[in-house]
Amino acid sequence: MFMFSRFLQNHVLANLLFVLVLIVGLISYKDLPRQQDPTINFNWITIITLFPGASASDVEKRVTDVLEDAINGVPDMRFVSSSSRENVSSILVRFEDLPVRVFDKRLAELRRELQNAENLLPEDVEDTQILEVTSGNAIPSAMIAVTSVADDENLRQSARQIRRFLEQMSGVDRVDVIALDDPELLVQFDPDLLEDYKLTPGQVADAIRLWFQDIAAGTIDAGGQNWLVRMVGKSSDPKVVGQLPITGLAGEVQLSHIASVQRAREKASQEVRMDGEPAVLLIVLKQDDTNVIQLVEKIRQYTEEQNALAHKTGINLKIVDDNTEQTLKAINIMQSNALIGLLLVLIVSWLFLGFRIAFLTAIGIPFILAGTFWILSAIGQTLNVTVLIGVVIVLGMLVDDAVVVVEGIYYRMQRGVDALQASLASLKEVAQPVTTAVLTTISAFLPLMLLPGILGKFMMLVPLVVTVALLISLIESFWMLPAHVIAMGGDMRNPGKIQRLRTASMRWIRHRYALFLIRALRWPKTTLSAVLVLFLIAGSMLAPGINLVKVDFFAADTLRIFYVNVEMPATSTLQATLDKTLEVEKQVKKHLKPGDARSVVSYAGQLFTEIEPFFGSRYGQIAIGLNPATKGSRRVEDIVDAMREDVVSVPGADISFLVLSSGPPANKAISVKVRGNDFDTIKQASLVLQNILKKMGGLKDINDNASEGRMELTLTLNHDAIRRAGINPAVITRTLRLLVDGEVV
């Protein structure tokens, strides 16, 4: 006890540590990366492989099945789900809940197996993309529309430069793009002229490939000096390419005599429109542990700088959506709650204990919060909504133990005991029950850290924050608070007028409470019955029939953006899908009130869903970015419900809505899998099930992920005729490809 009393009397040490924690905690709070959700690795890997020009069945047989067989031996995979669509193979791999090092090892093994399988894929398959899904890149940090009055190369060149700048920005993981087609020199040959010159399309393509290349030939010593030798064959000038010699059975001919050469763009697979103008959509995804608020602010400043030059460049940038408003809102709520809590503690403590004691009790709140943020920063956490939930929960408990301790000190000082002895006696009296109460509260929250799966990873931070804050509150109440009281000193045996009034008021309150307690103890059965009735009333609010309190284990805020999905018939062209999407956009805008939407952008060729993206000319989507929620603004659900009937009634397409929420990833409220061996039977069963669901009340946006492929022209080779003509089958297949879709050389 002697050592502890010397410890409490060391005011310099206590004050220095108090100030140190406040300063470092404030710096840590300022430096903590701000983001919507905690950084969590879902242990999901998405494998996307493009096979241009291939049907869904070809993609499945020649790409998806090959890759699934290749990764089948990777350990610790929970499940593998694949989707084969026209031009695209998508494989979702979900690993078990693994330690970080083990998961990194499994991911490396997965990459190695996929690399080994590349030589088994068709030559036309593009490089496989392996995307690691985390909470940081699951939802875009910002969507930027680059618009221009003309759909020309100026728009695309500017979009490429903007994309490169954003990719180099600190904290950016990657920038996905919609409708950014690469430039190319388009060679269109005339089959009749090829026949006149006795040339095949393959010969023309091979000749262009041989001439149109830059080669590093090595080094040579000449004139006593060493020179690098390069052959330059590439050119962006159509006239230069048109002069390339093509040699056939009829002799040599220039390329321009048998084909036209012109500047063009690769065949468009996506189109974007914003306010009727052509656009390129840039989707920015951040790195883990990046301050999303600072990142979006830098992006916003960059867009303002570029828009200031719009009169020169002809390019405008518009932020369609950013997800920082809810993070800022949560931070502001926490800050306001902390301030309100501080004021309430100060007021209540002043009412019962006096200003000096109230002040010493209240300053414990910033000390505890500062220490909590210091520790969170030290262990690499971010300031996110889940952390703020824990802070808001624990705010009301931070000074409970301090109030108990300081009341004991105050009681003894009123009776003439000096501050040191009053502090020691009070701590000796209440240390065990206060510690027990804090540990009991901690033990009530700690089981949340044992929740399995993704939800457990999200919830883990809540008990962590509560535990850290409560443990620091013990240090504050057992050391900092008594040390400050001892340093303050003062004689409380001669109270002033206000203190005498406070003492009389407390005496009256205690007297009334004692009378109430005596009555309750005299009729214990009545008291217990009343408590039981209140308990039953509270429990009945959760009953299924009454449902006054709705059950949502992880209630999440709806993001201030929603999507309108447009799915056209399988034979639809990209332009037809874009036209229909713009028609739907008009209906959407009719139901948007002034101030509702930040921006509306429509695109065709891609459809974003909560599970996976769909690619193809039949898919269209409208992204409606809403302004931040303010008092009186409409909820996202209300806006969607107001327009749903008119929007989905637009003929010629299947239309649905997609509304996203923060928090752990989740499927729709009801998901039903229909399995079988025959696709037609499965599709029919799915349609029957959907019709049943549509007749039920309370259901909306009922759809499936099955889609018909487009119509095919199937050619069958006549093997006997080919053999008699002495034609190489490889020449036929390549000629067919060149005549239909062309070839990149």
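Note that the sequence shown ends on residue 1093 in this note's numbering; no numbers are left out. Note that beta-carbon positions come from the ideal geometry of N, C-alpha and C, so glycine has one too. Fair warning: this is a prediction, and the values are worked out from it, not measured in the lab.
- Boundaries of the beta strand (DSSP E) around Gln602: 599-602.
- No residue range can be given for Gln383, since it is assigned to no alpha helix (DSSP H) and is classified by DSSP as neither H nor E.
- Secondary structure in the stretch 383-421: the beta strand (DSSP E) runs of 3 residues or longer, each lying completely within the stretch, are 389-398 in chain order.
- Gly719 and Ile510 have their alpha carbons spaced roughly 41 Å apart.
- For Ser608, the secondary structure class from DSSP, reduced to helix, strand or coil, is strand.
- One alpha carbon belongs to Leu940, the other to Thr978, and they sit about 16 Å apart.
- For Asn732 against Asp994, the beta-carbon gap comes to about 38 Å, at or over 8 Å, which does not count as contact.
- The Cβ atoms of Ile1030 and Gly1024 lie closer than 8 Å to each other.
- For Thr1083, the CB contacts under 7 Å within the same chain, skipping 5 residues up- and downstream, are Thr548, Pro549, Gly550 in chain order.
- Looking at the DSSP output, Phe443 shares a beta bridge with Met425.
- Around the beta-carbon of Phe963, 16 or more other beta-carbon atoms lie within 10 Å, marking it buried.
- DSSP places Arg1085 within a helical segment (H, G or I) once states are collapsed to three.
- DSSP links Phe910 through a beta bridge to Ile972, Val1007.
- One thing to note: Ile492 has its Cβ within 8 Å of the Cβ of Leu665.
- For Pro531, DSSP records a beta bridge to Arg613.
- With respect to the 8 Å criterion, Arg946 and Asn913 are not classified as neighbours on the basis of their beta carbons.
- DSSP places Met836 in the helix class (H, G or I) of the three-state scheme.
- Boundaries of the alpha helix (DSSP H) around Asp927: 922-938.
- DSSP places Arg1023 in no alpha helix (DSSP H); its state is neither H nor E.
- In the pairwise beta carbon analysis, the stretch 777-793 is classified as touching the stretch 814-827: at least three pairs are separated by under 8 Å.
- In this structure, the straight-line span from the alpha carbon of Glu466 to that of Gln477 is close to 12 Å.
- Under the DSSP assignment, Leu479 falls in the beta strand (DSSP E) whose first and last residues are 477-482.
- Pairing Gln969 with Phe956, the inter-Cα distance amounts to about 8 Å.
- Taken atom to atom, the span from the alpha-carbon of Met761 to that of Leu356 is near 16 Å.
- Pairing Ser791 with Ala527, the inter-Cα distance amounts to about 54 Å.
- Between Thr734 and Phe806, the alpha-carbon positions lie close to 7 Å from each other.
- As computed with DSSP, Gln762 is found in no beta bridge at all.
- The C-beta distance from Thr412 to Ile439 rounds to 7 Å, short enough to meet the 8 Å contact threshold.
- Counting C-beta pairs with one atom in each stretch, the stretch 363-372 and the stretch 459-473 have fewer than three that are closer than 8 Å, which means they do not touch.
- Rounded to the nearest angstrom, the Cβ distance from Ser432 to Ala456 is 26 Å, too far for a contact under 8 Å.
- Separation of Phe399 and Ala570 (C-alpha to C-alpha, rounded to the nearest whole angstrom) is 48 Å.
- In the DSSP assignment, the residues bridged to Lys634 are Val520.
- No residue range can be given for Pro470, since it is assigned to no alpha helix (DSSP H) and is classified by DSSP as neither H nor E.
- The straight-line gap separating the alpha-carbon atoms of Arg983 and Ala990 is approximately 11 Å.
- A Cβ-Cβ separation of about 15 Å leaves Glu933 out of contact with Tyr967 under the 8 Å criterion.
- In the DSSP assignment, Gln729 falls outside any beta strand (DSSP E), carrying neither H nor E.
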